[in-house]
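**Q** Quick note, the sequence shown lines up with residues 59 to 504 if you use the working numbering. Note that beta-carbon positions come from the ideal geometry of N, C-alpha and C, so glycine has one too. Quantities reported herein were computed from a predicted structural model and do not represent experimental measurements.
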Amino acid sequence: MAEPSPRRGAWNRALELADATPESRNRYVDLLRAVSIGAVVCGHWMIAAPWMDDGRLRFDHVLAIQPWTQWLTWLFQVMPVFFMVGGYSNAVSWDSAQRAGRSYGAWIGARMRRLFGPVVPLLVAWGLLGLAARWVGVPPEAIRTGSQVSVVPLWFLAVYVLVALFTPLSRAAWNRFGVGSFWCLAAAAVFVDYLRFGLEIQGLPWINYLLVWSAVHQLGYLWRDGRFDGPSRSLTWALGGAALMAFLVLVAGYPRSMVGVPGEEVSNTLPPSIAMLGLGLTQAGLLLALQGPARRLLSGRRAWAATIVVNANIMSIYLWHSTAMVLWIGLSWLLGGVGLSWDPGSGAWWAARPPWMLLYGLLLIALLAIFGRFERLPMPDRPLAMWRTVLGAVLLCVGLGRLAITGIAGPGSFAVRSGALFVALAGALVVGAVPFRRRSSDRERT
59 MAEPSPRRGA
69 WNRALELADA
79 TPESRNRYVD
89 LLRAVSIGAV
99 VCGHWMIAAP
109 WMDDGRLRFD
119 HVLAIQPWTQ
129 WLTWLFQVMP
139 VFFMVGGYSN
149 AVSWDSAQRA
159 GRSYGAWIGA
169 RMRRLFGPVV
179 PLLVAWGLLG
189 LAARWVGVPP
199 EAIRTGSQVS
209 VVPLWFLAVY
219 VLVALFTPLS
229 RAAWNRFGVG
239 SFWCLAAAAV
249 FVDYLRFGLE
259 IQGLPWINYL
269 LVWSAVHQLG
279 YLWRDGRFDG
289 PSRSLTWALG
299 GAALMAFLVL
309 VAGYPRSMVG
319 VPGEEVSNTL
329 PPSIAMLGLG
339 LTQAGLLLAL
349 QGPARRLLSG
359 RRAWAATIVV
369 NANIMSIYLW
379 HSTAMVLWIG
389 LSWLLGGVGL
399 SWDPGSGAWW
409 AARPPWMLLY
419 GLLLIALLAI
429 FGRFERLPMP
439 DRPLAMWRTV
449 LGAVLLCVGL
459 GRLAITGIAG
469 PGSFAVRSGA
479 LFVALAGALV
489 VGAVPFRRRS
499 SDRERT
């Protein structure tokens with residue numbers, strides 16, 4: 059009998075998992091992850107505007123070329139959804155760990171390994187790709203831009219791990235003060251914004267990376283404990299968030315774009331402003347108002363199986379979607395600029411977006427076939443000592459944060475930023491986030 063194709067095998071496994079899913083699982087959490095990763099991928103693929111200018115490859119940004127598109131970021135900037143969903147998941151996981159008597163080291167170790175295990179192949183691949191591109195004569199500026207675009211999503215992981223590290227404290231604060239724990243973080247973020255924009259104090263506002271995203275993370279606790287139940291209650295939160303965003307953008311002079319725009323001095327994301335908090339409230343309220351119909355949809359076998367398939371590859375999709383885009387653009391450049399002749403923002407350029415995004419998607423599927431396995435390989439299963447947790451988190455945040463800002467390509471004969479790359483890989487090693495294949499003898503023992 060012929061072996062089933064890998065694609066068909068994955069779908070059959072998803073159907074089996076769908077049949078085995080307990081009714082108690084909140085499937086809407088997984089659907090929000092799946093929909094959000096789709097928004098991230100489409101958003102990144104749409105705002106990138108590569109084109110040939112007198113034989114030279116240029117990377118422009120649609121948000122800068124056509125400012126009206128900045129309003130679309132209110133729809134496609136879904137990082138608040140990821141942090142809210144992360145809050146819900148961390149609440150469920152940490153509460154379960156406490157009931158089972160599992161230590162913090164064991165809990166955070168498993169979370170960090172699952173989060174950073176798939177990152178290691180990306181860093182290694184781009185380190186080697188940067189070296190190879192330099193040796194074959196690719197201009198250093200092109201390598202720098204391509205690598206920076208490809209690894210900029212790492213900023214989310216650097217921030218998320220910081221927020222996740224404080225889950226026991228944030229969960230305890232929620233159990234003690236309830237929604238007051240959210241408002242305290244929100245008030246602190248407002249004060250930091252006042253220092254940033256009112257008193258023009260520099261440096262300190264970067265603490266809003268922790269305050270704003272921790273506040274959005276607390277929204278996951280509100281959801282977990284039923285504070286968003288009912289459309290009327292959810293929509294009240296959404297209206298409050300929308301009112302805050304309207305005031306900030308239309309009255310207080312905050313940027314209308316919810317992602318950074320090249321050339322603009324002020325950004326709502328670098329560091330995050332309270333506009334991101336307003337966006338998070340709006341998205342949370344609107345999305346959770348729909349959870350009743352969505353849960354009924356997810357009770358269907360095929361809809362839930364499709365959600366399982368996306369979630370099984372979600373880290374790989376997030377990490378490799380920009381690389382797929384950069385590789386295709388590089389191939390077009392090597393072929394003489396095929397498809398890169400239209401001016402960004404023109405009618406012809408917009409008409410070419412759907413086929414280009416389809417080609418990006420095909421290349422992403424190929425990359426997932428190669429690298430997606432690292433998301434599913436087993437990880438070392440041991441508790442993390444506190445010193446390893448702290449040291450690993452610091453190394454990962456510093457290394458990944460630096461790479462997200464500068465890219466992997468750098469000066470010198472090796473053409474890579476070996477320092478930041480080494481720091482990030484060392485952090486992954488410290489926390490044990492190195493995928494491995496289980497030996498046959500290990501499988502037999504289990």
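1) Excluding the five sequence neighbours on either side, which residues of its own chain have a C-beta within less than 6 Å of the C-beta of Asp251, listed in chain order?
2) Run through DSSP, which three-state label would Leu115 get?
3) Please tell me whether Ala382 and Ile201 are closer than 8 Å, where the distance is taken between their beta carbons.
4) What are the uninterrupted segments assigned as beta strand (DSSP E) that are 3 or more residues long and contained completely in the segment 242 to 294, given in chain order?
5) Measure from the alpha carbon of Leu339 to the alpha carbon of each residue in Tyr376, Met142, Val219, Leu186, then state which is nearest.
6) In or out: Ala158 buried (at least 16 other Cβ within 10 Å) or exposed?
7) Between Arg116, Phe140, Arg83, Leu173, which lies nearest to Pro436 when the distance is taken from Cα to Cα?
8) Could you say if the segment 284 to 297 and the segment 71 to 80 meet the contact criterion of at least three C-beta pairs nearer than 8 Å?
9) Alpha helix (DSSP H) containing Ile466: first to last residue?
10) Pick helix, strand or coil for Ala491, following the three-state DSSP scheme.
11) If you run the structure through DSSP and keep just helix, strand and coil, what is Met110?
12) Looking only at its chain, what residues have a beta carbon closer than 8 Å to the beta carbon of Gly457, apart from the 5 residues adjacent to it on each side?
13) Should Arg192 be labelled buried (16 or more other beta-carbon atoms within 10 Å of its own) or exposed?
14) For the segment 443 to 455 against the segment 220 to 233, do three or more pairs of beta-carbon atoms, one drawn from each stretch, fall closer than 8 Å, so that the two count as touching?
15) Quick check on the burial criterion: 16 or more other C-beta atoms within 10 angstroms. Buried or exposed for Gln260?
16) For the pair the segment 87 to 101 and the segment 364 to 372, tell me if three or more CB-CB distances fall below 8 Å.
17) Quick check: the Cα distance between Arg114 and Arg411, rounded to an integer number of angstroms?
18) Span of the alpha helix (DSSP H) holding Glu545?
19) Which whole-angstrom value describes the C-beta separation of Gly321 and Ala122, a residue pair presumed to lie in contact below a C-beta threshold of 8 Å?
20) Taking only the alpha-carbon atoms, compute the straight-line gap between Arg505 and Arg353 and give it to the nearest angstrom.
21) So Leu425 and Pro138 are in contact, right, with Cβ under 8 Å, and what is the actual spacing, rounded?
22) Leu328: which of Glu199, Val489, Asn266 sits nearest, CA to CA?
23) Classify Ala76: buried if its beta carbon has 16 or more other beta carbons within 10 angstroms, exposed otherwise.
24) Mind checking whether Ser208 and Phe140 have CB atoms under 8 Å apart?
25) Who are the near neighbours of Leu344 in its chain, counting only those whose CB is closer than 6 Å to its CB and skipping five residues on each side?
26) Near Pro226, what residues of its chain come up, given a Cβ to Cβ distance below 7 Å and the 5 sequence neighbours on each side ignored?
27) Could you pull the start and end residues of the alpha helix (DSSP H) that Asp88 belongs to?
28) Could you please give the first and the last residue of the uninterrupted alpha helix (DSSP H) stretch that includes Ser151?
29) Which term fits Ser374, buried or exposed, when burial requires 16 or more other beta carbons within 10 angstroms of its beta carbon?
30) DSSP three-state label for Thr381, please.
31) How would you call Arg229, buried or exposed, if buried means at least 16 neighbouring beta carbons within 10 angstroms?
32) Do you know offhand how far Val309's Cα is from Pro125's?
33) DSSP three-state label for Thr53, please.
34) Tell me the DSSP secondary structure of Thr131 in three-state form.
35) Using DSSP's beta-bridge definition, name the partner residues of Thr327.
36) Determine contact between the segment 95 to 102 and the segment 394 to 412, defined as no fewer than three beta-carbon pairs at a distance below 8 Å.
**A** Working from what's here:
1) In the sequence shown, the residue the question calls residue 251 occupies position 193. Only Ser331, Ile332 meet the Cβ criterion.
2) Within the sequence shown, the letter at position 57 stands for residue 115. In the structure shown, Leu115 sits in a strand (DSSP, three-state: E or B).
3) Locating residue 382 in the sequence shown gives position 324, counting from the first residue. Locating residue 201 in the sequence shown gives position 143, counting from the first residue. No.
4) none
5) Taking the sequence shown and counting its residues from 1, the one referred to as residue 339 is at position 281. Closest option to Leu339, Cα to Cα, is Met142.
6) Here residue 158 refers to the residue found at position 100 of the sequence shown. With fewer than 16 other Cβ atoms from the protein chains shown falling within 10 Å of its own Cβ, Ala158 counts as exposed.
7) Translated into the one-based positions of the sequence shown, residue 436 becomes position 378. Selected option, being the one with the closest Cα: Leu173.
8) no
9) Taking the sequence shown and counting its residues from 1, the one referred to as residue 466 is at position 408. Element bounds for Ile466: n/a, residue is neither H nor E.
10) Mapped onto the sequence shown, residue 491 falls at position 433. Here Ala491 sits in coil by DSSP.
11) Residue numbering aside, residue 110 sits at position 52 when the sequence shown is read from its first letter. Looking at Met110 - three-state DSSP - the assignment turns out to be strand.
12) The count along the sequence shown starts at 1 and reaches residue 457 at position 399. Here the set comprises Ala478, Leu479, Phe480, Val481, Ala482, Leu483, Ala484, Gly485.
13) For the purposes of this step, residue 192 is identified with residue 134 of the sequence shown, where counting begins at 1. So Arg192 counts as buried.
14) yes
15) Along the sequence shown, one-based indexing puts residue 260 at 202. So Gln260 counts as exposed.
16) Contact between the segment 87 to 101 and the segment 364 to 372 is present: 3 or more CB-CB pairs across the two stretches fall below 8 Å.
17) Taking the first residue of the sequence shown as 1, we reach residue 114 at position 56. Taking the first residue of the sequence shown as 1, we reach residue 411 at position 353. Cα to Cα, Arg114 sits roughly 21 Å from Arg411.
18) Since the first residue shown for the chain is 59 and the last is 504, residue 545 is missing from the structure and cannot be characterised.
19) The residue given as residue 321 occupies position 263 in the sequence shown. The residue given as residue 122 occupies position 64 in the sequence shown. Yes, they are in contact, since the Cβ atoms of Gly321 and Ala122 sit about 6 Å apart, within 8 Å.
20) Given a span of 59 to 504 for the chain in the structure shown, any question on residue 505 remains unanswerable.
21) Position 367 of the sequence shown, counted from the first residue, corresponds to residue 425. Position 80 of the sequence shown, counted from the first residue, corresponds to residue 138. That belief does not hold up - the Cβ atoms of Leu425 and Pro138 are roughly 27 Å apart, past 8 Å.
22) Position 270 of the sequence shown, counted from the first residue, corresponds to residue 328. Distances from the CA of Leu328 to each of Glu199, Val489, Asn266 were compared; the closest alpha carbon is that of Asn266.
23) Counted from its first residue, the sequence shown places residue 76 at position 18. Ala76 is classed as buried because its beta carbon has at least 16 other beta carbons within 10 Å across all chains shown.
24) Against the sequence shown, residue 208 aligns to sequence position 150. Against the sequence shown, residue 140 aligns to sequence position 82. Not closer than 8 Å, so no.
25) Along the sequence shown, one-based indexing puts residue 344 at 286. Correct list, in chain order: Ala296.
26) For the purposes of this step, residue 226 is taken as residue 168 along the sequence shown, with counting starting at 1. Counting only residues of its own chain and dropping the five nearest sequence neighbours on each side, Pro226 has a CB closer than 7 Å to the CB of Trp152, Tyr162.
27) By 1-based counting over the sequence shown, the position of residue 88 is 30. Membership of Asp88 in the alpha helix (DSSP H) is indicated by the continuous run 85 to 105.
28) Within the sequence shown, numbered from 1, the residue matching residue 151 stands at position 93. Residues 137 to 157.
29) Position 316 of the sequence shown, counted from the first residue, corresponds to residue 374. Ser374 should be labelled buried.
30) Residue numbering aside, residue 381 sits at position 323 when the sequence shown is read from its first letter. It is helical.
31) Start at 1 with the first residue of the sequence shown, and residue 229 comes out as number 171. Result: buried.
32) In the sequence shown, residue 309 corresponds to position 251, counting from 1. In the sequence shown, residue 125 corresponds to position 67, counting from 1. The straight-line gap from Cα to Cα measures roughly 19 Å.
33) Outside the displayed span of the chain (59 to 504) sits residue 53, for which this structure offers no information.
34) Along the sequence shown, one-based indexing puts residue 131 at 73. DSSP places Thr131 in helix when its eight states are reduced to three.
35) Taking the first residue of the sequence shown as position 1, residue 327 is located at position 269. DSSP lists Pro330 as partners of Thr327.
36) no
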